[in-house]
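Quick notes on the structure that follows.
Chains as they are written, first to last, in the numbering used here: chain A, 1 to 296; chain B, 297 to 592.
Written out as structure tokens, the structure is:
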């Protein structure tokens with residue numbers, strides 16, 4: 001177990017989030033979880049995570065799973081979690097797709113045509129958010145902007161089309177499900193994520209003297225948190241002060257910084273990508289640190 | 297014509313390189329040309345370029361065409377120039393492929409297996425330089441390094457394979473024909489060049505805390521200049537002092553900086569990618585500036 005001096009600014013290292021929550025139930029109106037490395041580990045439920053979810057339901061504490069997954073629709077995400085033996089309802093998932101609903105509303109983009117790189121899940125969540133999409137390079141001239149999806153696609157052709165469009169239309173929105181560089185696959189391998197692809201395009205534009213600003217939907221950016229918070233409030237039919245919500249995640253830059261910037265309390269679990277050494281070196285400070293989400 | 301105050305540090309703006317060279321013939325032992333924007337413009341010979349080349353041959357002034365083209369072998373480059381109605385001999389072309397010969401010798405890489413992204417021309421100039429190459433991701437474990445080629449290939453799959461290899465082998469050489477970000481195609485369109493792809497991989501490695509250092513063969517890097525200079529000396533069977541060679545190009549960062557760093561005299565022509573405005577803003581100062589390579 002990490003020594004308690006890991007958090008000089010008053011943070012707490014304790015065994016499990018579950019134990020803490022049972023003791024601090026009265027301070028918490030809702031809980032936001034990251035999924036991988038927190039509720040699941042290597043495609044299996046993390047010890048105690050099913051019991052925790054069952055208890056939250058029983059206690060009627062609203063909770064949400066916040067995922068940056070840009071290549072799966074919420075329906076697909078539920079199926080994937082079911083394969084990991086965790087059952088969730090559609091209204092318990094908040095993903096980049098919901099961030100897009102927020103963004104389309106804010107920027108009044110409904111009905112506009114976007115050039116879609118790759119896919120953003122099945123059913124296509126860009127269409128559900130009210131956008132029209134095309135993957136036809138020939139239609140790029142009619143497009144209002146670009147969405148960087150995931151999955152396999154012909155990067156060379158598609159990135160080249162996007163680059164030439166953005167050099168001509170530097171103000172056009174380029175929407176990206178998450179800011180992630182890579183995501184893990186299989187035995188220590190990495191796949192390249194939409195965030196990295198968008199920054200590659202950004203870098204290429206910069207060499208031509210053109211600055212573009214990708215809009216990220218996922219953690220740590222606000223759209224995904226805003227949508228989730230709105231859904232909590234709609235469920236309990238009242239305003240929920242943000243300091244009465246806690247974000248539980250395994251990533252300092254995505255989960256902890258994102259929750260903190262949104263005004264939530266933040267809890268880090270050490271079962272995912274953040275080791276005690278990374279935590280000790282980081283300037284991002286979670287309010288609470290736990291060995292795991294559940295009791296083992 | 298640009299005003300003469302473009303070059304405050306004593307540079308000269310004159311009409312044509314041809315006129316200058318005829319007057320300063322005794323100062324010059326050899327001439328190195330960039331091709332596109334200098335000897336050719338939009339796939340046609342630049343005015344006076346054929347006459348200049350004929351005069352150099354007649355006067356027995358050794359010259360070379362230095363090209364960063366990473367997707368064509370010298371044989372293919374000659375064919376392309378022939379289509380532009382310019383005839384050159386194989387020994388008058390120096391390309392990234394020759395930089396690779398230099399590099400293989402320097403680093404004692406002959407016979408080693410490299411993972412080739414895309415192609416490096418037909419015939420494959422990496423094989424001619426003494427390397428063995430594979431494009432099979434399954435053979436990556438046996439590879440000593442990576443070569444980033446050009447042409448069309450499956451970026452997503454291939455870049456992912458290269459990234460995972462370099463994260464495990466950060467000391468392995470990653471060889472890149474040129475440092476260019478983009479190259480122009482058709483009506484104002486841009487294609488993404490090998491230099492940009494290599495920096496994308498470099499950036500991805502950096503997000504994982506791994507620093508890699510791509511080795512560039514083309515201008516402004518030394519290998520291509522070294523090979524060319526060696527060939528001049530071998531042709532005249534004596535040492536040629538570098539200040540007696542002049543590099544004539546249209547790019548400040550590739551041609552002028554590269555020539556200068558190698559110890560050559562440098563001449564910029566304003567018929568390619570450098571406008572008088574770009575020149576005025578740049579900190580890279582050619583020794584001589586000409587309106588064009590030939591008399592119009």
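The C-beta atom is built at its ideal place from N, Cα and C for all residues, glycine as well.
Contact set for residue i: own chain, Cβ-Cβ below 7 angstroms, skip 5 residues either direction
| i | result |
| --- | --- |
| residue 62 of chain A | 30, 232, 235, 236 |
| residue 549 of chain B | 516, 580 |
| residue 167 of chain A | 205, 208, 210 |
| residue 556 of chain B | 562 |
Coarse secondary structure for residue i, derived from DSSP in three states
| i | result |
| --- | --- |
| residue 173 of chain A | coil |
| residue 332 of chain B | strand |
| residue 6 of chain A | At residue 6 of chain A, the pLDDT of 48 sits below 50, so the modelled position is not reliable and the matter cannot be decided from this model. |
| residue 211 of chain A | coil |
| residue 393 of chain B | helix |
| residue 300 of chain A | Here chain A covers residues 1 to 296 and nothing more, so residue 300 of chain A does not appear. |
| residue 342 of chain B | coil |
| residue 148 of chain A | strand |
| residue 238 of chain A | coil |
| residue 410 of chain B | strand |
| residue 418 of chain B | coil |
| residue 293 of chain A | coil |
| residue 548 of chain B | helix |
| residue 245 of chain A | strand |
| residue 139 of chain A | helix |
| residue 191 of chain A | strand |
| residue 232 of chain A | helix |
| residue 513 of chain B | coil |
| residue 495 of chain B | helix |
| residue 14 of chain A | strand |
| residue 56 of chain A | helix |
| residue 337 of chain B | strand |
| residue 103 of chain A | helix |
| residue 382 of chain B | coil |
| residue 288 of chain A | strand |
Exposure of residue i, with buried meaning 16 or more beta-carbon neighbours within 10 Å
| i | result |
| --- | --- |
| residue 184 of chain A | exposed |
| residue 238 of chain B | Any property of residue 238 of chain B remains undetermined from this structure, which presents chain B solely from 297 to 592. |
| residue 373 of chain B | buried |
| residue 126 of chain A | buried |
| residue 439 of chain B | buried |
| residue 34 of chain A | buried |
| residue 267 of chain A | buried |
| residue 83 of chain A | exposed |
| residue 482 of chain B | exposed |
| residue 300 of chain B | Because residue 300 of chain B carries a pLDDT of 43, less than 50, the predicted location of this residue cannot be relied on, and the following value inherits that uncertainty. Exposed, because fewer than 16 other Cβ atoms sit within 10 Å of the Cβ of residue 300 of chain B. |
| residue 282 of chain B | Here chain B has residues from 297 to 592 only, and residue 282 of chain B is not among them. |
| residue 583 of chain B | buried |
| residue 16 of chain A | buried |
| residue 394 of chain B | buried |
| residue 489 of chain B | buried |
| residue 85 of chain A | exposed |
| residue 317 of chain B | buried |
Proximal residues to residue i (C-beta, below 8 angstroms), its chain only, five neighbours per side dropped
| i | result |
| --- | --- |
| residue 270 of chain A | 2, 250, 276, 279, 289, 290, 291, 292 |
| residue 560 of chain B | 328, 521, 538, 539, 541, 542, 543 |
| residue 80 of chain A | 72 |
Range covered by the alpha helix (DSSP H) that runs through residue i
| i | result |
| --- | --- |
| residue 574 of chain B | 572–577 |
| residue 424 of chain B | 421–424 |
| residue 318 of chain B | 313–319 |
| residue 156 of chain A | 155–168 |
| residue 370 of chain B | 370–379 |
| residue 257 of chain A | 257–262 |
Chain-order list of residues whose beta-carbon lies under 6 angstroms from that of residue i (same chain, five-residue window excluded)
| i | result |
| --- | --- |
| residue 441 of chain B | 410, 468, 469 |
| residue 399 of chain B | 519 |
| residue 389 of chain B | 361, 370, 373 |
| residue 118 of chain A | 149, 150, 151, 153 |
| residue 466 of chain B | 506, 508 |
N-terminal and C-terminal residue of the beta strand (DSSP E) that residue i is part of
| i | result |
| --- | --- |
| residue 339 of chain A | With chain A covering only 1 through 296, there is no way to say anything about residue 339 of chain A. |
| residue 429 of chain B | 428–430 |
| residue 363 of chain B | 359–363 |
| residue 268 of chain A | 265–269 |
> Does the segment 499–514 of chain B come within contact of the segment 280–294 of chain A, defined as at least 3 CB pairs closer than 8 angstroms?
Replying inline: no
> Using 8 angstroms as the threshold, is the segment 427–443 of chain B in touch with the segment 402–413 of chain B, meaning 3 or more CB pairs across them?
Replying inline: yes
> Just checking, does the segment 457–473 of chain B make contact with the segment 151–158 of chain A on the three C-beta pairs under 8 angstroms criterion?
Replying inline: no
>> Does the contact criterion of 3 or more C-beta pairs under 8 angstroms hold for the segment 64–80 of chain A versus the segment 197–207 of chain A?
In response: no
>> Between the segment 334–353 of chain B and the segment 487–495 of chain B, can you find at least three pairs of beta-carbon atoms closer than 8 angstroms?
In response: no
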